[in-house]
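Okay, so here's the structure we're looking at.
Numbering (my numbering), first residue to last: 1070 to 1553.
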C-alpha cells in the first residue's frame, strides 16, 4: 500500500445519492452497476482490462471483419432475465431469433436435433441415442432434479450432489454409449470438464436450459452487444486494477492501481460490488469470513482454447453447433457456427467457425504458438471430416485462450453452496456478483446473481423517501423451477 486509508466519511454526494463502486466490467459487474444506477445510486465501475475486452466472458472481439464471441455464443430463450435486461439497455431490437438445429456427431456422421421443442428434441434423441432404453431414466431423473434448479439459488440442488456424472451413470446402470454420446457432450457444454470430475447436477442444469425453452437466440454483432450497451451508459474506468476493499460502519474504502502500476489511489464509497473471478475475491476483501474465503480459494476453473476461422462463404453444415463426443475425438469439444444462427450475425455470404477444445487438452496446450493451435484445430476438423471449408476458404484465424473460462462444480460443491449461499452477512456493504460464487458459471446465472446483489444493496442504501423504482429490477420470479 502506498499510503494510509483515509478516515471513514460519508461517500454520498450533495444530492444524497449513495455511491457504489463495482469491481469488474464483466456481465455481472455491468448488470449490477446498471441496475443500481437506475435505482438512484451513483456508480463507478473499475475494470482491469481495456475497453476492447468489456463484458469479459460475455464479450465479442472484432477481428478480420467478424465479431468473435469470447464465451457462449448460443443463448436460450429461457434466459428471461437477460432478455429483459437487453430491453432495459435499449438493445432489444438487436436480438436475433436463432435456428435451433444442433448437430451431434456419432460414427463420424452429424445427426441433427431440434432443441427448441421438447417433442422434436425427444424424437431426435431417440433416433440418435445408442441405447434408447436409457433415455427414460434420464428424463425421469431430469423431472425429479429440475425442481431444485434455480437461476438465483442452487442450494436446493445439494440433495442431488453426491457423485460425479460418471458415478451417477454407473449407479443408474446407463450404458457407456449413453455416457459418451449424451452425458459427456452435456458436461462439455456446461463446463468443458470430464464426466469423472463433474458433479452429476451439471448435465441436468444444461438440459434445463434447453428443454422446452422455446429455442435459442443471439445478438447482432455477437453476444458482446449487451455488455457494450450497458457499459456505454455507465462510468467505467479501464486499466484500473482493484487491490483492496475494506469495510467499516460508514462505508467502504477501495484501493486501486492504474495501468502504469505506479499510481495508486483509495476512494470512499457507500458500498462495493465484487464482480471478479471467485478465486480473487478473498485476497481483495480481506475481511471476508473464513468459510467463504476457504471455499472460493478452492474453486476450480476450466481453461479453454477457442480457434476462430472466418470463411469467404457459409459452410455446407447447417447446424448452429456440432458436439463431438470424446469417443469421436479426444481433444475437440465441437464447433459453433454463428453464421447459421440468424441472418445478420456475420457479414452476408460469409461463414464463421469456432472450434472449441476440451479443458484438459487446453490446459496442456494453451501456451503453444497461435499457428500451432490453428494447425491442431484444422487437423481435428480434418480427422472428423467436419466443416471442410476451413481448408481452402479461410480468410481469418483468431485464437482465444482464456485461463479462467468457466467454473466447474465438483461432487459436493453444491452442498457447500447450500451451506454458504444464505450466510453472507445481511448488513454487509460488500456484495458478490457472478455465477462463479454461489450458482453456476454461466452468463445468465451471472446476470441473476447481479440482480440479487443490486436488490440487496438497494434495500440497504436507499432511503425510503426516494422514488420506488424497484419494479424496474428484473423480478426474481423468472426462475427455472418447473417453468422457464
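Built from N, CA and C at the ideal position, the CB exists for glycine as well.
State the Cα-Cα distance for the pair residue i and residue j, rounded to the nearest angstrom.
i: residue 1254; j: residue 1273; result: 12 Å
i: residue 1047; j: residue 1288; result: Residue 1047 is absent from the structure shown; the chain starts at 1070 and stops at 1553.
i: residue 1339; j: residue 1470; result: 37 Å
i: residue 1436; j: residue 1293; result: 25 Å
i: residue 1099; j: residue 1451; result: 40 Å
i: residue 1529; j: residue 1498; result: 8 Å
i: residue 1417; j: residue 1405; result: 18 Å
i: residue 1358; j: residue 1495; result: 13 Å
i: residue 1181; j: residue 1453; result: 16 Å
i: residue 1348; j: residue 1463; result: 38 Å
i: residue 1085; j: residue 1298; result: 27 Å
i: residue 1218; j: residue 1439; result: 39 Å
i: residue 1314; j: residue 1351; result: 10 Å
i: residue 1355; j: residue 1317; result: 12 Å
i: residue 1484; j: residue 1227; result: 5 Å
i: residue 1146; j: residue 1184; result: 11 Å
i: residue 1460; j: residue 1384; result: 12 Å
i: residue 1491; j: residue 1353; result: 21 Å
i: residue 1465; j: residue 1133; result: 6 Å
i: residue 1479; j: residue 1493; result: 22 Å
Please say whether residue j and residue i have beta carbons closer to each other than 7 Å?
i: residue 1277; j: residue 1215; result: yes
i: residue 1554; j: residue 1155; result: Examination of residue 1554 is not possible in this model, given that the chain is present from 1070 through 1553 alone.
i: residue 1442; j: residue 1391; result: no
i: residue 1186; j: residue 1310; result: no
i: residue 1426; j: residue 1400; result: yes
i: residue 1342; j: residue 1094; result: no
i: residue 1421; j: residue 1224; result: no
i: residue 1143; j: residue 1285; result: yes
i: residue 1523; j: residue 1115; result: no
i: residue 1239; j: residue 1269; result: no
i: residue 1129; j: residue 1389; result: no
i: residue 1506; j: residue 1290; result: no
i: residue 1446; j: residue 1424; result: yes
i: residue 1557; j: residue 1345; result: Shown here, the chain extends from 1070 to 1553; a query on residue 1557 therefore has no answer.
i: residue 1386; j: residue 1323; result: no
i: residue 1408; j: residue 1449; result: no
i: residue 1113; j: residue 1304; result: yes
Keeping to the same chain, check which residues put their C-beta closer than 7 Å to that of residue i; ignore five residues upstream and five downstream.
i: residue 1204; result: 1194, 1195, 1198
i: residue 1371; result: 1260, 1261, 1262, 1428, 1474, 1475, 1477
i: residue 1514; result: 1220, 1504, 1508
i: residue 1432; result: 1372
i: residue 1175; result: 1197, 1250
i: residue 1252; result: 1234, 1238, 1264, 1272
i: residue 1148; result: 1513
i: residue 1481; result: 1230
i: residue 1403; result: 1390, 1391, 1392, 1393, 1425
i: residue 1551; result: In this prediction, residue 1551 scores a pLDDT of 35, lower than 50, which makes its location untrustworthy; the coordinate-derived value is nonetheless stated afterwards. Cβ neighbours of residue 1551 beyond the five flanking positions: 1216.
Which residue marks the beginning of the alpha helix (DSSP H) containing residue i, and which one marks its end?
i: residue 1369; result: Per DSSP, residue 1369 belongs to no alpha helix (DSSP H) and is neither H nor E.
i: residue 1106; result: 1096-1108
i: residue 1296; result: 1294-1301
i: residue 1484; result: 1482-1489
i: residue 1445; result: 1439-1453
i: residue 1506; result: 1504-1507
Within a Cβ cutoff of 6 Å, which residues of the same chain sit near residue i, ignoring the five residues on either side of it in sequence?
i: residue 1241; result: 1206
i: residue 1140; result: 1126, 1127
i: residue 1087; result: 1081, 1110, 1339, 1530
i: residue 1200; result: 1244, 1246, 1247
i: residue 1306; result: 1115
i: residue 1138; result: 1129, 1291, 1292
Which stretch, first to last residue, makes up the beta strand (DSSP E) that contains residue i?
i: residue 1520; result: Segment 1512-1530 is the alpha helix (DSSP H) holding residue 1520; no beta strand (DSSP E) there.
i: residue 1403; result: 1401-1405
i: residue 1467; result: 1463-1469
i: residue 1425; result: 1420-1426
i: residue 1392; result: 1390-1392
i: residue 1379; result: 1375-1380
i: residue 1088; result: 1088-1092
i: residue 1435; result: Residue 1435 -> no beta strand (DSSP E), and no H or E assigned at all.
i: residue 1499; result: 1499-1501
How about residue i: is its C-beta nearer than 7 Å to some C-beta of chain D?
i: residue 1156; result: Protein chain content of the structure displayed is limited to a single chain, and chain D is not contained in it.
What residues in its chain sit with their C-beta under 8 Å from that of residue i, if we drop five residues either side in the sequence?
i: residue 1540; result: Confidence at residue 1540 is low in this model, with a pLDDT of 48, below 50, so the placement of that residue should be treated as unreliable; the coordinate-derived value is given next. If we look at residue 1540 and ignore the five residues flanking it on each side, it has no Cβ neighbours.
i: residue 1534; result: Interpretation of residue 1534 is limited by its pLDDT of 41, a score under 50 that renders its predicted location unreliable; no figure is taken from the coordinates.
i: residue 1209; result: none
i: residue 1236; result: 1269, 1480
Please find out if some non-hydrogen atom of the ligand COA comes closer than 6 Å to the beta-carbon of residue i.
i: residue 1392; result: You won't find the ligand COA in this model; it holds no ligand whatsoever.
Item to check | 4-residue-minimum alpha helix (DSSP H) runs that sit fully inside the segment 1303-1354, ordered along the chain | outcome: Taking only runs of at least 4 residues, the alpha helix (DSSP H) segments lying wholly in the segment 1303-1354 are 1350-1353.
Checklist entry - What are the complete beta strand (DSSP E) segments, minimum 3 residues, inside the segment 1173-1243? => result The segment 1173-1243 contains these whole beta strand (DSSP E) runs: 1178-1183.
Next on the checklist: My parser needs the alpha helix (DSSP H) runs of 4 or more residues fully inside the segment 1099-1166; what are they?
Outcome noted: Runs of the alpha helix (DSSP H) inside the segment 1099-1166: 1149-1158.
Checklist entry - Unbroken beta strand (DSSP E) runs of length 3 or more, entirely within the segment 1242-1288: which are they? => result List check, beta strand (DSSP E) in window: 1285-1288.
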